[in-house]
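Quick notes on the structure that follows.
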Amino acid sequence: MEEISNLVVFLLEWLDQFDAKTLVSAAAVLAAGFAMIAGIGPGVGQGYAAGKGAEAVGKNQKNTSNITLVMLLGAAVAETSGIFSLVVALILLYANPLVGMEGVAIVIAASVLGAGLSMIAGIGPGIGQGYAAGKGAERVGQRPKYQSVIVRTMLLGQAVGQTTGIYALVVALILLFANPLIG
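The sequence shown: position 146 = 146 (the UniProt record's numbering), numbered continuously.
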């Protein structure tokens, strides 16, 4: 336990050599990188959707346009958590309201890092929504006459699946613009 206390003291003394703006700017750069980790989810999800779409077209060439439409629609929805993460990363880099703010630098820097790290939650919705899109494309290939019901169900499931990504976005925006821990 003493080693941890000594490490914390060392880190705080080391960080104290930097002015607050430099510390917060450095945290923003790291946070933007962390935020973009969420792009893994949409990448996996969209790849799955595309694969299932291609598989469905291979089995039912007559329904290619409908299968492709469902796959693209579902894949576009799966990208939303990646878009949320990109928006937060761009705010962190170009419009960060915490850079230059007065207060305890370590709390401000931690808030910036927390905003970026919170966006990692977007991995789940991206994968889940892509899975739904892939299954939707697959089923439209098998049962084309049920396309409207399949798409409606897919989109409803994707909307519910997006809630975690929305929660992450809300937390990131609170940390950046309405942080209760910063005066």
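The C-beta atom is built at its ideal place from N, Cα and C for all residues, glycine as well.
The model shown is predicted, which means the values in this text are computed figures rather than measured ones.
Three-way DSSP call (helix, strand, coil) for Val9 in this model: Reduced to three states, the DSSP call for Val9 is helix.
Euclidean distance between Cα positions of residue 198 and Gln158: Because the chain is modelled from 1 through 183, residue 198 falls outside the range shown and cannot be assessed.
Inter-residue Cα distance where the pair is Ile67 and Gly41: Taking the straight line joining both Cα atoms gives about 22 Å.
Which listed residue (Leu90, Leu69, Pro125) has its alpha carbon closest to that of Pro144: Leu69 is the residue among Leu90, Leu69, Pro125 whose C-alpha sits nearest the C-alpha of Pro144.
Top-ranked residue by Cα proximity to residue 185, from Ser65, Ala105, Gly165, Val44: No statement about residue 185 is possible, as the shown extent of the chain runs from 1 to 183 and does not include it.
N- and C-terminal bounds of the alpha helix (DSSP H) containing Pro97: For Pro97, there is no enclosing alpha helix (DSSP H), as DSSP gives it neither H nor E.
Pairwise C-alpha distance: Thr80 and Ile123: Straight-line Cα distance between these residues: approximately 11 Å.
Exposure of Glu138, with buried meaning 16 or more beta-carbon neighbours within 10 Å: Of the other Cβ atoms in all chains shown, 16 or more fall within 10 Å of the Cβ of Glu138; this residue is therefore buried.
Whole-angstrom C-beta distance between Gly128 and Gly161, which should lie under 8 Å: Right, their Cβ atoms sit about 4 Å apart.
C-alpha distance - Ile150 paired with Tyr131, whole-angstrom precision: Cα to Cα, the separation comes out at about 14 Å.
C-beta atoms of Leu169 and Phe84 nearer than 7 Å: Result yes, Cβ atoms of Leu169 and Phe84 sit closer than 7 Å.
Beta-carbon proximity check, Gly141 vs Ala49, cutoff 7 Å: Cβ distance not < 7 Å, so Gly141 and Ala49 don't count as in contact.
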